[in-house]
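Engineer: Shown below is the structure under consideration.
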Amino acid sequence: MKSMTFRDLQDLPPTIDLMTAARALGIGRSKAYQLARDGEFPVRIIRIGDLYRVCTADLMKVLGAETGDRVS
């Protein structure tokens, strides 16, 4: 699993799929889905039918990288 840089995070759209969020957090696929199902994923999950989405701004807060902080 390729890790994400701060710059990668800044380039993400407003919401992302569960696996992109898991990759940013260093969580594997099986564990990510288990945490999401159990309501224990470290970032708030937006559920749309069978889809799990994560708000990028929430993810960045959990990672300590606020959306207003830009890297040049």
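Reminder that position 11 of the sequence shown reads as 11 in the UniProt record's numbering, one-by-one numbering, no gaps.
Glycine is no exception: its CB is placed at the ideal position from the N, C-alpha and C atoms.
Keep in mind it's a predicted model, so treat the numbers as computed, not measured.
Which stretch, first to last residue, makes up the alpha helix (DSSP H) that contains residue 51?
Structural biologist: From DSSP, residue 51 is part of no alpha helix (DSSP H) but of the beta strand (DSSP E) over 51-55.
Engineer: Sort out for me which residues DSSP pairs residue 15 with in a bridge.
Structural biologist: 55
Engineer: Ignore the nearest five residues each way along the sequence and tell me which others in residue 19's own chain have a CB closer than 8 Å to its CB.
Structural biologist: 29 and 32
Engineer: Starting from residue 47, follow the beta strand (DSSP E) in both directions and report where the run begins and ends.
Structural biologist: 45-48
Engineer: Just the Cα atoms here: how many angstroms apart are residue 45 and residue 11?
Structural biologist: 20 Å
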